[in-house]
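At position 436 of the sequence shown the residue is numbered 436 (UniProt numbering), and the sequence of numbers has no breaks.
Glycine is no exception: its CB is placed at the ideal position from the N, C-alpha and C atoms.
Owing to the predicted nature of the structure, the values given are computational and were not obtained by experimental measurement.
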Amino acid sequence: MKGLAVAGISLLVVLAAAPAALGHALLRQSEPPDGAVLDAGPERIVLTFTEEPEPALSLIKVVDSSGRELEREPARPVAGQALSLQLQIPTLPRGIYTVTWRTVSRVDGHVTGGAFAFGVGIAPAGPTTQPAAPPPSILDVVARWIFYVGVSVLVGGAWVWGIAFSAVPSGGARVLTLGWMVSLFGIVALAESQRADAGVTLGQLLGTGVGRALIWRAGAIMLAGAALAVAVRAPPRRRRVALIAVATCALAAILAHVLAGHAGASSGGWRWAKILFQWTHMAAAAVWIGGLAALLLGIRGGPIEANAVAVRRFSAVAGVALVVVIVTGAARAIDQVGAWALLISTAFGRLVLVKIVSLCALAVLGAVNRYRHVPRVPRSLPGLRKVGTAELTIALAVFAVTGLLTSMAPASLLEVASRPAPLVVTGSDFGTTVRARLEVTPGTTGFNAFVLRLTDYDTGQPITAQRVSLRFSSLDHPDVGSSTLTLNASTGGAYAGRGSNLSIDGRWQIAVTVERGVNSVEIPLALALKSPSAEVETVRLPGQPTLYTVKVSGAAVQVYLDPEQAGPTNVHVTFFDAAGNELSVGALTVTAASQRGEQTTLKVLRFGPGHFAAVGTLPSGEVQLQITAELSAGQRLRTSLTIRL
């Protein structure tokens, strides 16, 4: 009881000290972006998140400067883009508009929200400061803590009393039953927490992906309860099989929980490896900590020699489990924190440090038992119990920290969401003496931040200039006058500035003037602003390249890659009118931007009036293709397509 009291106090301290934390479906980007200035109102609002949102529990609304909400439809998913939601809106007149959103992660059920502003024909005051999300729900953290304790009792008690001991000790069945009830109660409390945060009924919640994850957890625990009922009434030989079934079902519940957590929200080829590491981490902790609790209960009374055998069996398994917990925990920490600096600068990182220190303390106590008390069993049982009780007390606090960590966004995810990917263009002067690398963030129409790095063309060493400026000229609207932005010296040898010089959507020529006396140079750069994405239809047929059809401005743009892979390839682009006939197009420009924002212009070959091939080398990962076509009567068609290679 003393240990439980200490663990309870530790839990309250952790919760009280927890700073505000963001949920997990964080806003990665929006269309239009925050602070954008548009010539005409958008047809829709598109929000892209860091985790898959639950459309049924999400809300997007647009209000004008007077606070009047526009007539709207429910938010809908974007075809082929699982991380995005869209809202169709009516034609917007000149003015400033605010988009307010709230969503629930389809993976872990956490609620996030925010707002941003854009202007039509007029600039908003500036980028919106995003409000901090509320701190983790106390009920959510406590529910997860209860669930961890319950499944650990089920896993640990089932394997120790089914394998390490020859029989279930007196009171063991009641402890397992209590563990089953605690696990189930944790799931019920978690369901109530997620229901309350989403502001929906329980029936509505259970009809979503979040609710189905709860059902999977509950189903596994119910099966564990059925196996436990068999174990209580079965003869000794069958009891061992039934107890193994109890542990297996509890481990399945842990897997369902992992699939609805940080690891389950991962994407890419390493997703299942991350899930396996996280499940192994939690399963090994349950085997170790839950098994220790079962061992301490089992060695109260009973034959001395039988206790000694059980202790040695447990020690052998616990040693392996401890190593697994440390290795998998380190791997998951590296993945979720991402950088050493984030261990200190973020709340998530600091909690990871707390967990690391606590696990080190557990490892030390485990070593004391393994190398001091276990060899002297049965003479040293009192010392084993004392150190084991201290281990359990710290472990309960570690479970509390784990519950809080799973209620927060990983530090690496916060970095992705808080900083939009810039557009990056590079070039050199005609005399090949200076190289320039310009980062433009967010790379859309309106207010942008510019960071320029200058290096010697041959040596790659940074160059110091007396004065650096950027001159902006619109390639698509030559009648618009040029503007100039002076950059100031910044950290790391860079030059930085902010401004609304990219005031019109489309392609821009940026002349970088580097003043260094007689060594002054001008470096021409070409930049295509990020264009709003449109609805994309994707057709995949065996043996054929994937065909993407982008619908924009009453026309259709069909795109396919040959070969469909990273590296040298041909991007085929064909234009069709509303009747399905090939649309005659003048000049075509195709640029490709990597995940890091590095933009390159592809060489375009004409195959027909509206059929082209853009030749170039594409990077692996997500690639955004920007397509700009000259139509008749001076009109232009611009769209973008994101593909993964």
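* Buried or exposed: C360, going by 16 or more other Cβ atoms within 10 Å of its Cβ? -> Reading the sequence shown from its first residue, position 360 is the one you call residue 360. Result: exposed.
* Return the chain-ordered list of same chain residues with a C-beta closer than 6 Å to the C-beta of E439, the five sequence neighbours on each side being excluded. => In the sequence shown, the residue the question calls residue 439 occupies position 439. Once the five neighbours on either side are set aside, the close Cβ partners of E439 are P422, V424 and V451.
* Asked: Taking C-beta to C-beta, are residue 646 and V550 nearer than 9 Å?
  -> Absent from the model: residue 646. The displayed extent of the chain is 1 to 645, so no value can be given.
* Asked: By a C-beta neighbour count over all protein chains shown, 10 Å radius and 16 as the cutoff for buried, is S418 buried or exposed?
  -> As a working mapping, residue 418 is identified with position 418 in the sequence shown. Unreliable placement is indicated for S418, whose pLDDT of 48 sits below 50; the coordinate value is still reported in the next sentence. Classification of S418: exposed, given that the 10 Å Cβ count is below 16.
* **Where the beta strand (DSSP E) containing E192 begins and where it ends** => To locate residue 192, count along the sequence shown from 1; it is residue 192. From DSSP, E192 is part of no beta strand (DSSP E) but of the alpha helix (DSSP H) over G172 to A198.
* Would you mind reading off the limits of the alpha helix (DSSP H) that contains F236? => Start at 1 with the first residue of the sequence shown, and residue 236 comes out as number 236. It is Pro, not Phe, that sits at residue 236 in the sequence shown. That run of the alpha helix (DSSP H) goes P236 to L259.
* Between A333 and D64, what straight-line distance do the alpha-carbon atoms span, to the nearest angstrom? -> Walking along the sequence shown from the start, residue 333 turns up at place 333. Walking along the sequence shown from the start, residue 64 turns up at place 64. One C-alpha to the other measures close to 43 Å.
* Is I299 helix, strand or coil when you go by DSSP? -> Counting from one through the sequence shown, the residue named residue 299 turns up at place 299. Coil at I299, not helix or strand.
* Residue range of the unbroken beta strand (DSSP E) whose run includes Q565 -> The residue given as residue 565 occupies position 565 in the sequence shown. That residue, Q565, is in no beta strand (DSSP E); it is neither H nor E in DSSP.
* W159 - DSSP class collapsed to helix/strand/coil -> Numbered from 1 along the sequence shown, position 159 holds the residue referred to as residue 159. Helix.
* Put P55 into one of helix, strand or coil per three-state DSSP. => The count along the sequence shown starts at 1 and reaches residue 55 at position 55. Helix at P55.
* From E630 to A614, what does the alpha carbon distance come to, in whole angstroms? -> The count along the sequence shown starts at 1 and reaches residue 630 at position 630. The count along the sequence shown starts at 1 and reaches residue 614 at position 614. Whole-angstrom Cα-Cα distance: 15 Å.
* To do: List the whole-angstrom C-beta distance separating L365 from A390, where the pair is believed to meet the contact cut-off of C-beta under 8 Å.
  => As a working mapping, residue 365 is identified with position 365 in the sequence shown. As a working mapping, residue 390 is identified with position 390 in the sequence shown. Their Cβ separation, rounded to whole angstroms, is 6 Å, which keeps L365 and A390 in contact under 8 Å.
* Can you check the UniProt domain "CopC" (24 to 120) for any beta strand (DSSP E) of at least 3 residues that lies completely inside it and give the ranges in chain order? => Correct list: 27 to 31, 44 to 49, 59 to 63, 76 to 78, 81 to 88, 95 to 104 and 111 to 120.
* To do: In the DSSP assignment, find the alpha helix (DSSP H) that holds H373 and state where it starts and stops.
  => The sequence position of residue 373 within the sequence shown is 373, counting from 1. That residue, H373, is in no alpha helix (DSSP H); it is neither H nor E in DSSP.
* How about A167 and W159: do their beta carbons lie closer than 9 Å? -> Counting from 1 along the sequence shown, the entry for residue 167 is found at position 167. Counting from 1 along the sequence shown, the entry for residue 159 is found at position 159. Against a cut-off of 9 Å, the Cβ pair of W159 and A167 comes out as no contact.
* Under 9 Å between the Cβ atoms of L602 and V571? -> Translated into positions along the sequence shown, residue 602 becomes position 602. Translated into positions along the sequence shown, residue 571 becomes position 571. Yes, Cβ-Cβ distance for L602 and V571 is below 9 Å.
* To do: Give the DSSP bridge partners of T486, in chain order.
  => For the purposes of this step, residue 486 is identified with residue 486 of the sequence shown, where counting begins at 1. Its beta-bridge partners are S469.
* Are the Cβ atoms of S152 and A347 separated by less than 9 Å? -> On the sequence shown, residue 152 is found 152 positions in, with the first residue counted as 1. On the sequence shown, residue 347 is found 347 positions in, with the first residue counted as 1. No. Outside cutoff.
* To the nearest angstrom, how far is it from the Cα of A511 to the Cα of I138? -> Numbered from its first residue, the sequence shown carries residue 511 at position 511. Numbered from its first residue, the sequence shown carries residue 138 at position 138. Using only the alpha carbons, I get a separation of about 54 Å.
* For E43 and P74, the rounded distance between their alpha carbons -> Translated into the one-based positions of the sequence shown, residue 74 becomes position 74. Translated into the one-based positions of the sequence shown, residue 43 becomes position 43. Those two C-alpha atoms are separated by around 15 Å.
* To do: Tell me whether the beta-carbon of K61 lies closer than 9 Å to the beta-carbon of L27.
  => As a first step, residue 61 is located in the sequence shown; it is residue number 61 there, counting from the start. As a first step, residue 27 is located in the sequence shown; it is residue number 27 there, counting from the start. No.
* Asked: What residue from F447, A489, D479 and Y548 has the CA that sits closest to I463's CA?
  -> Here residue 463 refers to the residue found at position 463 when the sequence shown is read from its first residue. Of the candidates F447, A489, D479 and Y548, the one whose C-alpha sits nearest the C-alpha of I463 is A489.
* According to DSSP, is T129 helix, strand or coil? -> Looking up residue 129 in the sequence shown gives position 129. Bear in mind that a pLDDT of 47 at T129, under 50, signals an unreliable position, so the number given afterwards is only what the model happens to contain. Coil, per DSSP.
* Asked: CA-CA distance, S193 and S58?
  -> Against the sequence shown, residue 193 aligns to sequence position 193. Against the sequence shown, residue 58 aligns to sequence position 58. Going by the C-alpha atoms only, they are around 17 Å apart.
* With DSSP as the reference, label Y457 as helix, strand or coil. => Translated into positions along the sequence shown, residue 457 becomes position 457. In this structure, Y457 counts as coil in the three-state DSSP scheme.
* Which residue comes first and which comes last in the beta strand (DSSP E) that contains S500? -> Here residue 500 refers to the residue found at position 500 of the sequence shown. Per DSSP, the unbroken beta strand (DSSP E) holding S500 starts and ends at Y495 to L502.
* To do: Note down, in chain order, each residue of its chain lying with its Cβ closer than 6 Å to the Cβ of T129, except the 5 sequence neighbours on either side.
  => Residue mapping note: residue 129 aligns to position 129 of the sequence shown, counting from 1. A caution first: T129 carries a pLDDT of 47, below 50, which makes its placement in the model unreliable, though a value can still be read off. Residues of the same chain with their beta carbon placed closer than 6 Å to that of T129 are lacking, with the five preceding and five following residues left out of the count.
* To do: Hey, could you find the ends of the alpha helix (DSSP H) T628 is sitting in?
  => Position 628 of the sequence shown, counting from 1, holds the residue named residue 628. Segment E622 to E630 is the beta strand (DSSP E) holding T628; no alpha helix (DSSP H) there.
* Asked: Can R372 and G383 be called in contact, C-beta distance under 9 Å?
  -> In the sequence shown, the residue the question calls residue 372 occupies position 372. In the sequence shown, the residue the question calls residue 383 occupies position 383. Yes, Cβ-Cβ distance for R372 and G383 is below 9 Å.
* Asked: Under the three-state reduction of DSSP, which class applies to N581: helix, strand or coil?
  -> Start at 1 with the first residue of the sequence shown, and residue 581 comes out as number 581. In the structure shown, N581 sits in coil (DSSP, three-state: anything other than H, G, I, E or B).
* Could you have a look at G616 and say whether DSSP puts it in helix, strand or coil? => Taking the sequence shown and counting its residues from 1, one reaches residue 616 at position 616. Residue state, collapsed to three classes: strand.
* Asked: Okay, do the stretch 212 to 226 and the stretch 254 to 263 touch, 3+ Cβ pairs below 8 Å being the bar?
  -> yes
* Asked: How many Å lie between S520 and W272 at the Cα?
  -> Residue numbering aside, residue 520 sits at position 520 when the sequence shown is read from its first letter. Residue numbering aside, residue 272 sits at position 272 when the sequence shown is read from its first letter. S520 and W272: Cα-Cα distance of roughly 54 Å.
* Near Q509, what residues of its chain come up, given a Cβ to Cβ distance below 7 Å and the 5 sequence neighbours on each side ignored? -> Along the sequence shown, read from residue 1 onward, the residue named residue 509 stands at position 509. Here the set comprises S473, L475, P524 and A526.
* **Spatially closest choice to G196 from L184, G109 and V246, by CA coordinates** => Counting from 1 along the sequence shown, the entry for residue 196 is found at position 196. The sequence shown places Ala at residue 196, not Gly. The option with the nearest alpha carbon to A196 is G109.
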